[in-house]
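This report concerns only the one structure given below.
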Amino acid sequence: MTNPSLPDGMTRAPSAGGPHDGYMPGFGNDFETEALPGALPQGQNSPQKCNYGLYAEQLSGTAFTAPRGQNERTWCYRIRPSVKHTGRFRKIAVDGWKSAPHVLPDVISLGQYRWDPIPMPGVGESLSWITGMRTVTTA
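Going by the working numbering, -7 is the number at position 11 of the sequence shown; the sequence numbering is gapless.
Written out as structure tokens, the structure is:
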């Protein structure tokens, strides 16, 4: 990279690695940083299983009404999810109120989940569109 000239009165901090060593210049560019090697997934944003047991979360900084090319986003791979439910939700026993969950206690609670992929069919097992569908959760 060439060293661009600076306007009068401006100086550049000395750097052994070049003019952009240690920071990421530019606006509207995409950047990646990782604390541990291999922490960022390659070729995908939201893998089922992240390296180091991290949680993949996307933050969107643009309203859904913006054109696709102008949408901005940030993918974070966190040690803990930004929203964590501390346990199962409990029903509230008040006449006239209905609260979640509306299911039996042994059914999955209404919380944040990420499921493993459904196993592939065995050799010789044939599935149609209907028989291949699986219920993941209900509300």
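For glycine and all other residues, C-beta sits at the position ideal for the given N, C-alpha and C.
7 angstroms CB neighbourhood of E14 in its chain, flanking five on each side removed: Around E14: L22.
Less than 9 angstroms between the C-beta atoms of Y37 and R62, yes or no? Yes, Cβ-Cβ distance for Y37 and R62 is below 9 angstroms.
Checking 9 angstroms against the spacing of the C-beta atoms, do P103 and G114 come in under that value? Yes. Within cutoff.
Here's a check: name, in chain order, each residue in its chain whose Cβ is nearer than 7 angstroms to the Cβ of S64, leaving out the five neighbours to either side. For S64, where only same-chain residues beyond five positions count, the Cβ hits under 7 angstroms are E39.
At the level of alpha carbons, what is the spacing between P29 and E16? Cα to Cα, P29 sits roughly 16 angstroms from E16.
Going by the DSSP bridge assignment, what does E39 pair with across the sheet? By DSSP's assignment, E39 forms a beta bridge with C58.
Could you tell me if Y59 is buried or exposed, where buried requires 16 or more neighbouring beta carbons within 10 angstroms of its beta carbon? Counting C-beta atoms within 10 angstroms of its own C-beta, Y59 has 16 or more neighbours from the protein chains shown and is therefore classed as buried.
Does the Cβ-Cβ distance between G51 and N33 come in under 9 angstroms? 9 angstroms or more divides the Cβ of G51 from the Cβ of N33.
For S108, three-class secondary structure by DSSP: S108: coil per DSSP, three-state reduction.
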